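Presented below is the structure to which this report refers.
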Amino acid sequence: MTAKGAGLGLSIVRSVAATHGGWATATAREDGGLVVTVTLPAGPDDDGLRR
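In numbering that gives the first Met the number 0, the protein residues as written are 0 to 50.
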C-alpha cells in the first residue's frame with residue numbers, strides 16, 4: 000500500500016509540538032511504515048506560564 004500526500008504532515012506536527020514546548024521525532028520502519036513520537040511537557044515552563 001502506498002499513500003501520496005503533500006508532505007506537510009510531519010512538518011505541521013513538529014511545528015505544533017515546538018509551539019507547545021515539545022518536539023517530534025520520526026523513525027522509519029523496516030516494513031516501509033513510519034513511527035512518529037510527539038513529546039510534550041507536563042507542566043508550565045520555568046517562568047510559570049502555561050503555553
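Note that the Cβ used here is the ideal one computed from N, Cα and C, for glycine as well. Keep in mind that this is a model prediction, so the values were computed, not measured.
Could you give the distance in angstroms between the alpha-carbon of Leu-7 and the alpha-carbon of Gly-31?
Near 18 Å, if we compare the C-alpha coordinates of Gly-31 and Leu-7.
Note down the Cα distance separating Gly-42 from Ser-14, rounded to an integer number of angstroms.
Going from the Cα of Gly-42 to the Cα of Ser-14 covers about 19 Å.
Between which residues of its own chain and Thr-26 is the CB-CB distance below 6 Å, once the five residues before and five after are set aside?
If we look at Thr-26 and ignore the five residues flanking it on each side, its Cβ neighbours are Val-34.
Using a Cβ-Cβ cut-off of 6 Å (strictly less than) and excluding sequence neighbours within five positions of Ala-16, which residues of its own chain qualify?
So the list reads Trp-22, Ala-23, Val-37, once near-sequence residues are dropped.
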